[in-house]
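**Student:** So that you can map any letter, position 21 of the sequence shown is 21 in the numbering used here, and since no number is skipped, the others follow by simple counting.
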Amino acid sequence: MELRKKILDEAHTSMFTIHPGSNKMYQDLKQKFWWTRMKREIAKYVSECDRVKTDHLKPAGMLQPLAVPAWKWEDVHMDFTVGLPRTQKRYDSIWVIIDRLTKSAQFLPVKTHYTAVTYAELYI
Numbered sequence: 001m002e003l004r005k006k007i008l009d010e011a012h013t014s015m016f017t018i019h020p021g022s023n024k025m026y027q028d029l030k031q032k033f034w035w036t037r038m039k040r041e042i043a044k045y046v047s048e049c050d051r052v053k054t055d056h057l058k059p060a061g062m063l064q065p066l067a068v069p070a071w072k073w074e075d076v077h078m079d080f081t082v083g084l085p086r087t088q089k090r091y092d093s094i095w096v097i098i099d100r101l102t103k104s105a106q107f108l109p110v111k112t113h114y115t116a117v118t119y120a121e122l123y124i
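1) Near A11, what residues of its chain come up, given a Cβ to Cβ distance below 7 angstroms and the 5 sequence neighbours on each side ignored?
2) Considering only the alpha carbon of each residue, which of Q88, E74, V68 and I97 lies closest to T81?
3) How many angstroms separate the CA atom of L63 from the CA atom of E121?
4) Measure the C-alpha to C-alpha separation of Q102 and V76 and round it to an integer number of angstroms.
5) Output the boundary residues of the beta strand (DSSP E) element that contains L108.
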């Protein structure tokens with residue numbers, strides 16, 4: 001079984017094959033190899049390949065605009081800037097909160113070890 005896996009790996013991921021589909025891979029392999037349920041095993045192997053899966057996904061639809069919020073601070077975006085030098089009060093990150101309506105921002109000094117509860121308390 002391990003030999004089959006090596007054959008499938010080489011036939012599918014070598015730089016000369018460029019992730020063929022199951023039919024192409026079967027046509028190539030059947031010229032030199034044979035085993036029971038070979039075609040089914042190749043199809044299963046190819047269907048589990050992440051690269052092939054992404055190539056066959058339907059493209060995402062058109063981007064949809066976000067609705068404009070009715071009130072300030074009703075809809076916000078958040079981000080973190082981490083890896084900063086520690087301050088005297090031991091802060092090492094910045095929590096950035098941006099209001100979508102006004103584009104105004106709040107910058108709060110935080111510590112990387114804060115929990116979700118701590119962030120919720122700071123936010124409220």
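We put the beta carbon where it would ideally sit given N, CA and C, even for glycine. Predicted model only: the values in this text are computed from it and were never measured.
**Tutor:** Let me spell this out:
1) T17, M25, D28 and L29
2) I97
3) 34 angstroms
4) The identity of residue 102 in the sequence shown is Thr, whereas the question assumes Gln. Using only the alpha carbons, I get a separation of about 10 angstroms.
5) A105 to V110
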